[in-house]
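Under full-length UniProt numbering, the residue at position 191 of the sequence shown is numbered 191, and the numbers go up by one with no gaps.
Where is the CB? At the ideal position from N, CA and C, for every residue including glycine.
Bear in mind that the values here come from a model prediction, so they are computed numbers and not experimental data.
So the structure is just underneath, and the comments pick up after that.
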Amino acid sequence: HVLEQSAVTITKTGDVIAQFTVNLPARGRSILAYKAIDIFDKVIPQFVSQSLIYKAMNGQELEYHVKCVEDQDWLRKELEGRGLVGFVVDGAVLPRASGADDVPMKDSREDKVVRFQSPDTLRTSFELPNLQKTISGMGIPKGITLIVGGGFHGKSTLLSALQLGIYDKIPKDGREFVVCDDKSVKIRAEDGR
Numbered sequence: 001h002v003l004e005q006s007a008v009t010i011t012k013t014g015d016v017i018a019q020f021t022v023n024l025p026a027r028g029r030s031i032l033a034y035k036a037i038d039i040f041d042k043v044i045p046q047f048v049s050q051s052l053i054y055k056a057m058n059g060q061e062l063e064y065h066v067k068c069v070e071d072q073d074w075l076r077k078e079l080e081g082r083g084l085v086g087f088v089v090d091g092a093v094l095p096r097a098s099g100a101d102d103v104p105m106k107d108s109r110e111d112k113v114v115r116f117q118s119p120d121t122l123r124t125s126f127e128l129p130n131l132q133k134t135i136s137g138m139g140i141p142k143g144i145t146l147i148v149g150g151g152f153h154g155k156s157t158l159l160s161a162l163q164l165g166i167y168d169k170i171p172k173d174g175r176e177f178v179v180c181d182d183k184s185v186k187i188r189a190e191d192g193r
């Protein structure tokens, strides 16, 4: 997820300030000087050159990342004006690789991942301002929405994706443009209550 934080900032002049902690190698209460020198002389400069220097990055991918995140934020703000509390884009990959792995599920030799397809009755479209393309999917209206289906039909998977819809996603997450009102919260009742 893309979360706002203060560890990395960009100044008005375009400088990037990155604040991070380095744990120095030690034996007991003594710093291992040669290993520490290696960290400051090789590891940190390599980290900086690969992650903070524009020339080391793919400019098109970086621009797409920024536009994608900005469009998700824009989409979230558009929901209220349309009387919606959530939106799930057609083609979204909602299932994750496993319960312990947040990457999208991939096709296997035996099975193809089922991508989300909106019911016609709830289909709505948005024109994204930065990526300059139209997306369509399921708009979830304000009020009570009932999600029903058989076992292993994706009800919990859909709800899991929506509960994270308050956060922007990185490109290729599968859930970019699965958004909900940023004031949304998950409420769960215990069985039998």
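Buried or exposed: where does residue i fall if 16 or more other Cβ atoms within 10 Å of its Cβ makes it buried?
| i | result |
| --- | --- |
| I135 | buried |
| A161 | buried |
| L79 | buried |
| L62 | exposed |
How long is the line joining the alpha carbons of residue i and residue j, rounded to whole angstroms?
| i | j | result |
| --- | --- | --- |
| M57 | Q46 | 13 Å |
| V43 | A36 | 10 Å |
| K12 | Q5 | 17 Å |
| G149 | S118 | 15 Å |
| H1 | L84 | 22 Å |
| R175 | K169 | 7 Å |
| I147 | D41 | 56 Å |
| S125 | I17 | 39 Å |
| I31 | D38 | 13 Å |
What residue range does the beta strand (DSSP E) around residue i cover?
| i | result |
| --- | --- |
| V178 | 178-180 |
| Y96 | According to the sequence as given, residue 96 is Arg; it is not Tyr. It spans 96-98 - the beta strand (DSSP E) in which R96 sits, taken as one unbroken run. |
| T157 | Looking at the DSSP string, T157 is not in any beta strand (DSSP E); the run it does join, the alpha helix (DSSP H), is 155-163. |
| I10 | 8-10 |
| V2 | No beta strand (DSSP E) holds V2; DSSP gives it neither H nor E. |
| V16 | 16-18 |
Quick check on this structure: which residue in the options has the alpha carbon closest to the alpha carbon of residue i?
| i | options | result |
| --- | --- | --- |
| H153 | F116, A189, V89 | F116 |
| L158 | C180, K172, K142 | C180 |
| W74 | D102, L131, L94 | L131 |
| V178 | S51, A97, D90 | D90 |
Across which residues does DSSP place residue i in a beta bridge pair?
| i | result |
| --- | --- |
| L84 | P141 |
| S125 | S136 |
| A26 | I31 |
| P104 | R96 |
| A56 | According to DSSP, which records beta bridges pairwise, A56 is partnered with nothing at all. |
| V89 | G137 |
Provide the residue span of the alpha helix (DSSP H) that contains residue i, from first to last.
| i | result |
| --- | --- |
| S51 | 44-51 |
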